[in-house]
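S.K.: Before anything else, here's the structure in question.
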Amino acid sequence: MIIIRVSVRGRLGRAESTRQNTRQSSPAEGGGFWDRDLVRCSQPAPAVAVAHLLSTSRTGSGHCRCSPSREVVMAIIPFHIVDAFATHPFTGNPAAIIPNASSLTEVEMLQITDELSMEAAFVLPPTTPGADVRLRFFTRRLEANLSGHAAVAAFVSLADRGFYRPGHETVAIGLETGVGVLPVKLRNIADGHIQVTLEMPPPRFGEPVPATEVATALGVDPDMLHLGEQGPQRVSCGFDQIIVPVGIREVIRGSFQDAVAIGRLTDRRGVGGLTLFCPNTHRGDADFHCRFFQPKMGHYEDVASGTSLAAMSAYVVRNGILPAARSTTITTEQGHSLGRPTMAELQVQSDSGGIRRITLTGTGRVVMRGSFHFSRKMRAAAY
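Reading the sequence shown from the start, the letters are residues 218 to 600 in the working numbering.
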C-alpha cells in the first residue's frame, strides 16, 4: 500500500508528501491488507490536478493552488479481474476482486461493480467468530448473499497477492458470507495455480414448477423440459432458483432471447434465476451442460454460477438422475453459448437422511490488475 498525503499552506503553499509502504502476511491481522490507498488534497480537484499533485509530491518541487478550505480524499483502490473456472486463456467467468475494501461505502461498492460491468467481490475483515475473511458480493444492480464464481476468483486473487498461499499442505479458511461462514480449502495444482474448494450452503428444495409455465417463458415445447419423470423444481443452495431438466441438446442450445418473459417467471415465483441442464455435453468428460439466466441481477445470462451448479447437483442426486452413492462427483460445463467455456466440479455427499454436504471446486486465472481513482469530500473527523 502507498499513502500519499498532500498538505497545503495557503493558496500558493508548498506541496508536501509522506509515503508509507506496508505489507503483511495475513489479512486477519488488519493494517495494510484492509486499508485502501489514499491521496489527500485540499479541494475536489479533477484528475489532471490530482495527477499534478502526485507529480510535485514525488519530486519534492512545485506548488499547488488548492484552496485549504475544503478537504477531500483521493482513493486509489487496487483491483484484480479473475477468470473463474477458466479452462484456458479468455475463457471462464470474469469477476472483479477488490482486496482493500474496508473503507468503501456500500454505494461505492455498487458504483465500482457497475463501472466494471461484472460481478465483484469485496474483501473485508471478518465480523463473525470462526471466519478468517469476509466477502461481500455485488452485481450491477444489487448485493447478493453469495456468488460461487466470485468467491473462487477472490481466493485466486488473494493467493496471487501473497495471502493464503498454500505450500505442500492444504490451507483451510473460514469465509464469512451473507449466508453464514463457509469452509474453504486451497491447494496448489500444476503450473503454480491454486484450486479452490468451497463448501456450499445446504440445499433447500421447494415446490415443483409446471413445465408449461417454464416452457412459455422459454418459448419451447413443455414436453422437452424433463428427464424421466423429473420436471422443473425450485431449489436453493444460497440462491433461490428454478432447476429445469432438458432432455434434448438442441433445446438447451437455443437462443432464449425473451429476457422479459424469463424475468416475469422468476418474479412470479420469487426466485433469482433459472438453471437449465442437459446430459448431452460438448466435452466427453463433462456430465452436464448447464445454462443460467438471471435477468433481475443485471445481466441476462451468466457464464458460470457456483450457486446454480450446486443447486443443480443437489437436484440431480435427490431425484436419482445419477446413480445413488455416498459421494457423487459431478463435472459441469457452461458458458459455451457466450463464447467463454468453463469447467467446474461438484461433490455431493449423502446418507440415508439425504444430502449432507455439497462442495464446489474450481480454479481461475488473474487476467488484469488495475486501480480505481476517485475523490470524495473528507469528514473533519478523518483528520
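We put the CB at the ideal spot given by N, CA and C, even for glycine.
So the candidates are 298, 342, 311; which of them puts its Cα closest to the Cα of residue 557?
M.R.: Of the listed residues, the one whose Cα sits closest to residue 557 is 311.
S.K.: Is it right to say residue 409 is buried, meaning 16 or more other beta carbons lie within 10 angstroms of its own, or is it exposed?
M.R.: Per the 10 Å Cβ criterion, exposed.
S.K.: Measuring straight from C-alpha to C-alpha, what distance separates residue 470 and residue 491?
M.R.: Taking the straight line from one Cα to the other gives about 15 Å.
S.K.: Let's see if you can read the secondary structure: which residues bound the alpha helix (DSSP H) around residue 184?
M.R.: Nothing can be reported for residue 184: it is not among the residues displayed for the chain, which extend from 218 to 600.
S.K.: With distances taken Cα to Cα, identify the nearest neighbour of residue 477 among 498, 452, 516.
M.R.: Of the candidates 498, 452, 516, the one whose C-alpha sits nearest the C-alpha of residue 477 is 516.
S.K.: Which value, in whole angstroms, describes the spacing of the CA atoms of residue 597 and residue 322?
M.R.: Confidence at residue 597 is low in this model, with a pLDDT of 38, below 50, so the placement of that residue should be treated as unreliable; the coordinate-derived value is given next. Distance between the alpha carbons of residue 597 and residue 322 is about 17 Å.
S.K.: At what residues does the beta strand (DSSP E) containing residue 320 begin and finish?
M.R.: Segment: none, residue 320 is in no beta strand (DSSP E) and carries neither H nor E.
S.K.: With a cut-off of 8 Å, do at least 3 Cβ pairs link the stretch 331 to 340 to the stretch 546 to 557?
M.R.: Taking 8 Å as the limit for Cβ pairs, the verdict is that the stretch 546 to 557 does not touch the stretch 331 to 340.
S.K.: Taking the beta strand (DSSP E) that residue 638 falls in, what are its first and last residues?
M.R.: The first residue shown for the chain is 218 and the last is 600, placing residue 638 beyond what the model contains.
S.K.: If we require 3 or more residues per run, which beta strand (DSSP E) segments fall completely within the stretch 436 to 486?
M.R.: As far as the stretch 436 to 486 is concerned, its whole beta strand (DSSP E) runs of at least 3 residues are 450 to 453, 457 to 462.
S.K.: Give me whichever residues DSSP pairs with residue 490 in a beta bridge.
M.R.: Answer is 458, bridged to residue 490.
S.K.: Roughly how many angstroms lie between the CA atoms of residue 511 and residue 553, to the nearest whole one?
M.R.: So the alpha carbons of these two residues sit roughly 17 Å apart.
S.K.: Is it right to say residue 305 is buried, meaning 16 or more other beta carbons lie within 10 angstroms of its own, or is it exposed?
M.R.: Exposed, since its Cβ has fewer than 16 Cβ neighbours within 10 Å.
S.K.: Expressed to the nearest angstrom, what Euclidean distance is found between the alpha-carbon atoms of residue 419 and residue 578?
M.R.: Whole-angstrom Cα-Cα distance: 16 Å.
S.K.: In terms of alpha-carbon separation, which member of 366, 378, 563, 514 lies closest to residue 360?
M.R.: Residue 514 is the option with its Cα nearest to residue 360.
S.K.: Spatial neighbours of residue 447 within its chain, please: CB distance less than 6 Å, with the 5 preceding and 5 following residues excluded, ordered by chain position.
M.R.: Result list for residue 447: 462, 536, in chain order.
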